[in-house]
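Below is one structure, written out as structure tokens; the observations come after it.
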Amino acid sequence: MPQSAPQPHPSSPLRQRLAEEPGVVLEQIAHEENISLLEVVRCLPQNHWTEVSGRHYLNVLSALPSWGEVTTVLHTADVIMEFKGPFPSGRTGHGFYNLQGKTGLSGHLRPERCQHIVFMERPFMGMETASIQFFNGEGEGIFKVFVGRDEQRQLRQDQLQHFSRLRNTLTALDHVEREASA
-14 MPQSAPQPHP SSPLRQRLAE EPGVVLEQIA HEENISLLEV VRCLPQNHWT EVSGRHYLNV
46 LSALPSWGEV TTVLHTADVI MEFKGPFPSG RTGHGFYNLQ GKTGLSGHLR PERCQHIVFM
106 ERPFMGMETA SIQFFNGEGE GIFKVFVGRD EQRQLRQDQL QHFSRLRNTL TALDHVEREA
166 SA
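Quick note, the sequence shown lines up with residues -14 to 167 if you use the numbering used here.
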């Protein structure tokens, strides 16, 4: 992980619960436990997630448009909003990363607010999922981008390859940076 944070003890009840039920709604757990979403994610079994530095935010956003149709999710206490379609390209300007979607998804993102990025693969509602999740400095979710599905409702293999390649590249970059600063 790029930054160390207090971790619940490996035998904590939350870790045990998430090991037994990795497909629960993590935002609900965060609410119930009165902790941040990122703290809940860090309690999942380690094989379900990889955390990289939020400094890669613009690199990740720039890579997503080439993936094709994905599902972008905004999950707050009041709404779970989903958009299925290509993630739009964007550019920086006026302190924002401005999504250039002509139709569908558009918006203005604050790159400096993203402090953590998590590549997550876990079961949810009886299906395997793969997502990239963005978190602010308080550990709250900004939004998520899920790998798309094919006609048989299976994860798209081409997108899984992009996902794995990007995760591995960014993990290696973080490792090199940590080694250089040690």
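Note that the Cβ used here is the ideal one computed from N, Cα and C, for glycine as well. Just so we're clear, the structure is a prediction, and the values are computed from it rather than from any experiment.
So the alpha helix (DSSP H) residue i belongs to, where does it begin and stop?
| i | result |
| --- | --- |
| Arg150 | 142 to 166 |
On a Cα-Cα basis, can you pick out the residue from the options that is closest to residue i?
| i | options | result |
| --- | --- | --- |
| Arg107 | Val26, Asn19, Pro96 | Val26 |
| His33 | Val45, Leu59, Cys99, Ala115 | Ala115 |
| Pro96 | Glu113, Ala167, Arg138, Ser47 | Ser47 |
| Ser149 | Leu49, Leu(-1), Gly86 | Leu49 |
| Ser91 | His79, Gly75, Ile102 | Gly75 |
| Glu54 | Gly124, Asp135, Pro7 | Asp135 |
| Val10 | Gly89, Lys87, Met110 | Met110 |
| Gly70 | Gln31, Gly133, Ile102, Arg2 | Gly133 |
What are the residues that DSSP puts in a beta bridge with residue i?
| i | result |
| --- | --- |
| Asn83 | Arg76, His93 |
| Gly70 | Val55 |
| Pro108 | Glu113 |
| Val130 | Thr57, Ile117 |
| Val103 | Glu36, Gln118 |
With respect to the beta strand (DSSP E) encompassing residue i, which residues constitute its N-terminal and C-terminal limits?
| i | result |
| --- | --- |
| Ala115 | 112 to 120 |
Do residue i and residue j have their C-beta atoms within less than 8 angstroms of each other?
| i | j | result |
| --- | --- | --- |
| Thr56 | Phe131 | yes |
| His93 | Phe81 | yes |
| Val45 | Leu151 | yes |
| Phe72 | Trp52 | yes |
| Glu65 | Arg98 | Here residue 65 turns out to be Ile, not Glu, going by the sequence shown. Cβ distance not < 8 angstroms, so Ile65 and Arg98 don't count as in contact. |
| Gln100 | Gly122 | yes |
| Leu155 | His16 | no |
| Glu162 | Leu140 | no |
| Leu29 | Pro7 | yes |
| Val37 | Lys129 | no |
| Leu(-1) | Glu18 | yes |
| Ser203 | Gly124 | No statement about residue 203 is possible, as the shown extent of the chain runs from -14 to 167 and does not include it. |
| Ile102 | Gly39 | yes |
Query raised in the report: What are the uninterrupted segments assigned as beta strand (DSSP E) that are 3 or more residues long and contained completely in the region 6 to 51, given in chain order?
Result: Contiguous beta strand (DSSP E) elements confined to the region 6 to 51 occur at 34 to 38, taking only those with 3 or more residues.
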